[in-house]
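Reviewing the structure listed below.
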Amino acid sequence: MAVPLLEVRGLHVAVAETEILKGVDLAVSEGEVHAIMGPNGSGKSTLASVIAGKPGYTVTGGEVLYSGESILKMLPDERARAGIFLALQYPVELPGIRNREFLRTALDALRESRGEDKVGIRDFNKLLEAKAEELGLEPEMMKRNVNEGFSGGEKKRNEILQLAVLDPKLALLDETDSGLDIDALRVVAEGVNRFRGPGKAIVLVTHYQRILNYITPDFVHVLIDGRIVRSGGRELALELEKRGYDWLREGAQTGAAPSA
Amino acid sequence: MTQAVATYEQYEADFRKLQEARSAEPDWLTELRSAAFARFQELGFPVARKGNEPWKYTDVRPLAAETFPYETAAAASVDAAQLFPFDDGMARVAFVNGRFSQELSTPSPDGLTVMPLTQALEEHGEDVRRHLAQHATYADEAFTALNTAFLADGAFVLAEGAVEMPLHIVYVTTERVATHPRTLIVARPTSELSVVESYVSATGGAHFTNAVTEVVLKDGAQVTHRQLLLENHETYHMANTRVHQSRDSAYRSLVYEAGGGLVRNELMVLLDAEGAEADLKGLYVSAGKQHVDNNINIDHAKPHGYSRLYYKGILDEQSRAVFGGTVMVRPGADKTDAHQEDKNLILSHEAEVDSKPALEIYADDVKAGHGATAGAIADEALFYMQSRGIDPERAMLFLVRGFVSEILDSVTIEPLREWLEESTTQALPRFRDKR
Ligand SMILES: Nc1ncnc2c1ncn2[C@@H]1O[C@H](COP(=O)(O)OP(=O)(O)OP(=O)(O)O)[C@@H](O)[C@H]1O
Ligand SMILES: [Mg+2]
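Protein chains in written order, with the numbering used here: chain A, 1320 to 1579; chain B, 48 to 482.
This is the structure:
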């Protein structure tokens, strides 16, 4: 069997002194879509952030492999250039930096690392315009400062625009569906589906099975209190929607005797 | 102390020499000079470290302990294209070591009278006499007193109507001297003028620039005034700018400080009639051991005034910045709308800023606000950019450019704006020669 694109092995992560991930295992192969669900504070964003290399987390055990190689020592920008992309739960505003210029610089950084020429300004503008239109973003917004004054929905769509332009291999989407109305949700889901393909993999963090109506996952994992407590297929998400998370919490398994 | 005595003796000897050389000038000027020098001798440099609130964070003792000869020889020649490449398409009046340089100056554009003050005394005596030293008063300000005592060539600018072409007033220093650049700008009613006033060193090595600028805006006049402090890092630069605004006039200022070792910039704008409007922007960029002190004051004396003050600073290495000043709304200046803000981006743990903007309001129905912030580049922003593949150095550079763009985007002269952007990153060694 081929090496998974992403493999998380026994990952333990702490913030300050508090352990947040308590042994997470996850293998994601090319072509697959994995959904990660779980209650607030269970560690979903932590998992996605650690894979992307966000500072502030301490890996106290385990490994994160990308194409079979450990990436824990790589800087976030090195990981991005290797093909990892994180759509943030809370996209950051960048005052004084225009969307268009930001994206072009990012794309050039990726191309440069692959030994390619910088993108021509005209080609880039054409590409950006087309991708923005697909996501229902006004061309005007490309001239505005990154995420500054964007609505919640616009910020999320802007993240997917970046995904579309930068075209990574592994997309980590942290609650990209939250706060979207039904039309925006469809537009964003379509964007993700356009990205989906044989060489790509998607890890989709969500609270709602709603988005899974549009983006059908191959696997669904439930993360509770820093551990993946259950994995299954698409139907697991539907069950979670009906039953909530409590039945999966430690000591709540059907028929399990209370431990002494 | 003995060093300081030597300094004062030097100024005195230079002053006597200057008086002799200028014996032919009008009596009122001779008297003004003498009175100003006497006042300087009484005041001395503001070196006291106790009870000296306006100079609390800026110590001028090193300046008081050094002697800089006052240059009276003819102007040396310098390479203009290299020193100020941003002034293509502008008229220029240049001074080298305090002396007017015919060679570096261009003819006055339409609607504008530009000449050395000495010449203006003969050709525009009334205007000079009516305004010179009327706004930049020296009674309580030692540096203004010293400048007034030594004022010589300086620049005289008189605007009538809408002047299309921007004017560049430039003061170049080529050696270890004290210069006392004096600029007088008079904007006649409803005139429009754009002026760049810059200070540059042609070489390394310390010198002392003690500049005073007076700007007078008559009814309805509009002046855009950009002051660029670009001297080398060993230089002492003391600047006092006084602006007097009449009815419905608009004064737009940018103070850009990337040079100088010890810099003190005092700007005082008096909105002395109804409907006057002042927009003051500033950007200071410091590194090494630079010390930059801005003391910016807006004085609303009459109703319906509008003012905006927005200064930003980037500090790196061991540099130090001070921002002070007061927006004053005097009794009767009702319906004033004033806001002042100072924001600092601190790139190094060793850099430091003291920012203390203040508001004093004695009028009714006033809209006023102020704020000051200082912080490092946000980790969140840096991570966000990195997560898109941009390396940290480039991400920082981007964030710095983003930070300054709010100020520099107000520069409508495109070559100047581009030059200032470039100069800003060049002023920060960590970004030098990167793009
Ligand atoms: N920087 C931090 N400092 C302190 N605690 C943190 C930090 N980041 C995460 N945590 C804590 O770690 C736990 C997991 O947080 P995380 O954001 O990963 O949860 P989540 O599953 O994404 O939750 P949500 O569904 O609300 O987004 C929470 O208790 C949170 O408070
Ligand atoms: Mg989260």
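Note that the Cβ used here is the ideal one computed from N, Cα and C, for glycine as well. Nothing here was measured: the structure is a model prediction, and the numbers come from that model.
Considering only the alpha carbon of each residue, which of B:249, B:453 and B:463 lies closest to residue 1464 of chain A?
B:453
Going by beta-carbon coordinates alone, are residue 127 of chain B and residue 164 of chain B separated by less than 8 Å?
no
Straight-line CA distance for residue 1368 of chain A to residue 1494 of chain A?
12 Å
Nearest-angstrom beta carbon gap, residue 325 of chain B and residue 23 of chain B [assumed within contact, 8 Å]
There is no way to answer for residue 23 of chain B, as the model of chain B reaches only from 48 to 482.
Residue of A:1473, A:1522, A:1399 and A:1413 minimising C-alpha distance to residue 1350 of chain A:
A:1522
Is it right to say residue 1510 of chain A is buried, meaning 16 or more other beta carbons lie within 10 angstroms of its own, or is it exposed?
buried
Alpha helix (DSSP H) segment containing residue 137 of chain B, residue limits:
Neither: residue 137 of chain B is in no alpha helix (DSSP H) and is coded neither H nor E.
Rounded C-beta distance between residue 1348 of chain A and residue 1323 of chain A? I'm assuming under 8 Å.
5 Å
For residue 465 of chain B, which residues from the same chain have a beta carbon less than 6 Å from its beta carbon, with the 5 sequence-adjacent residues on both sides left out?
none
Look at the alpha carbon of residue 1331 of chain A and the alpha carbon of residue 1373 of chain A, and state the distance between them as a whole number of angstroms.
15 Å
Closer than 7 Å to a non-hydrogen atom of ligand 2 - does that hold for the CB of residue 241 of chain B?
no
I want to see whether chain A comes within less than 8 Å of residue 431 of chain B, judged by CB atoms only; does it?
yes
Quick check: is the beta carbon of residue 428 of chain B nearer than 8 Å to any beta carbon in chain A?
yes
On the CB-based measure, 16 or more other CB atoms within 10 Å of its CB, does residue 1525 of chain A come out buried or exposed?
buried
With a threshold of 8 Å between beta carbons, is residue 1378 of chain A in contact with chain B?
no
I want to see whether chain A comes within less than 8 Å of residue 142 of chain B, judged by CB atoms only; does it?
no
What does residue 448 of chain B reach in chain A if we use C-beta pairs closer than 9 Å?
1415 and 1416
Cβ closer than 9 Å: which chain A residues qualify as neighbours of residue 393 of chain B?
Simply none; closest approach about 16 Å.
Inside the segment 144–194 of chain B only - beta strand (DSSP E) runs reaching at least 3 residues
146–148 and 159–163
With a threshold of 7 Å (Cβ to nearest heavy atom), would residue 1359 of chain A be considered close to ligand 1?
yes
Spatial distance of residue 341 of chain B from residue 285 of chain B (CA atoms):
10 Å
Could you pull the start and end residues of the beta strand (DSSP E) that residue 340 of chain B belongs to?
338–347
Taking only three categories from DSSP, how would you classify residue 246 of chain B?
strand
Does DSSP put residue 460 of chain B in a helix, a strand or coil?
coil
Any residues in the segment 133–161 of chain B with a beta carbon nearer than 8 Å to a beta carbon of chain A? Which ones, in chain order?
none
Is residue 212 of chain B helix, strand or coil by DSSP?
coil
Test item, CB below 7 Å from any non-hydrogen atom of ligand 2:
A:1363, A:1364, A:1408, A:1493, A:1494 and A:1524
Would you grab the beta carbon distance between residue 1490 of chain A and residue 1528 of chain A for me? Rounded to a whole angstrom, and I think it's under 8 Å.
Rounded, the Cβ-Cβ distance is 19 Å, inconsistent with contact.
Does the contact criterion of 3 or more C-beta pairs under 8 Å hold for the segment 211–227 of chain B versus the segment 252–260 of chain B?
yes
State buried or exposed for residue 1578 of chain A, treating a residue as buried only when at least 16 other CB atoms are found within 10 Å of its CB.
Because residue 1578 of chain A sits at a pLDDT of 40, beneath the cut-off of 50, its placement in the model cannot be relied upon, and the point is left open.
Proximal chain B residues relative to residue 1400 of chain A, where beta-carbon distance stays under 8 Å
436
Determine the DSSP secondary structure at residue 283 of chain B, reduced to helix, strand or coil.
strand
Using 8 Å as the limit for Cβ to Cβ distance, is residue 1493 of chain A near chain E?
Given the protein chain composition of this structure (A and B), no chain E is represented.
Is residue 311 of chain B closer than 8 Å to residue 105 of chain B when the C-beta atoms are compared?
yes
Could you tell me whether any Cβ in chain B is nearer than 8 Å to the Cβ of residue 1373 of chain A?
yes
Look up residue 368 of chain B in the DSSP assignment and say whether it is helix, strand or coil.
strand
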